[in-house]
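Following our numbering, the numbering of the sequence shown begins with 16 at its first residue and continues without gaps.
Positions of the beta carbon are idealized from the N, C-alpha and C atoms, including for glycine.
Predicted model, so just to flag it, every value in this text is computed and none were measured.
Worksheet for the structure shown next.
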Amino acid sequence: MSTPYTVRVAEDPADREACFAVRKEVFVAEQGVPEDLEYDAHDAGAVHVLALRADGTPLGAGRLLHGAAAVGHTGADASVGSLGRLAVTSAARGLGVGAALVRAVEDAARALGLTAVDLHAQTHALGFYERLGYTPYGPEFMDAGIPHRAMRRTL
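What follows is the structure in structure tokens.
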């Protein structure tokens with residue numbers, strides 16, 4: 016059976032806008048994250064990934080910070096990327112979109128020569144990331160009023 020969606024690196028302004036629309040739906044509208052916290056200066060230099068249904072409907076998005084942006088975000092060295100802003104629309108949950116987006120971010124990280132990927136997982140999503148090979152470390156912390164844990168996967 017074929018997958019009812021595709022995942023790709025966001026290549027153009029329309030793709031990026033689709034990524035931002037997914038993030039607005041999930042983080043701002045559903046989870047109540049203030050819009051001024053959701054979008055930041057790191058968006059401009061990040062690698063964004065996008066999941067689309069065959070008809071072009073955006074289903075999910077994520078981003079990879081690398082270089083100085085990742086070092087500032089994770090506190091790790093420049094060989095570690097930072098996966099973030101992973102969001103899947105409510106209509107697409109349970110279809111494997113989130114896992115496909117994570118794998119696309121990891122592929123982008125490998126292409127950049129990175130050796131690991133860090134992320135800040137909402138605590139309710141720890142099991143999802145653990146199933147994908149991520150290991151939690153450090154204490155729980157709050158981000159945008161939501162509890163999180165740091166996690167890492169060596170590539």
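- For Thr130, the closest of Leu98, Tyr54, Arg68 by C-alpha to C-alpha distance is Leu98.
- Fully contained in the stretch 60-121 are the following alpha helix (DSSP H) runs of length 4 or more, in chain order: 83-89.
- Contact between Val22 and Ala106 is ruled out by a C-beta separation of about 16 Å, above the 8 Å threshold.
- Thr21 has Leu67 as its beta-bridge partners, per DSSP.
- Shown here, Gly47 sits in coil according to DSSP, grouped into three states, outside any helix or strand.
- For the options Ser94, Leu116, Val62, Gly111, the alpha carbon positioned closest to that of Leu79 is the one of Val62.
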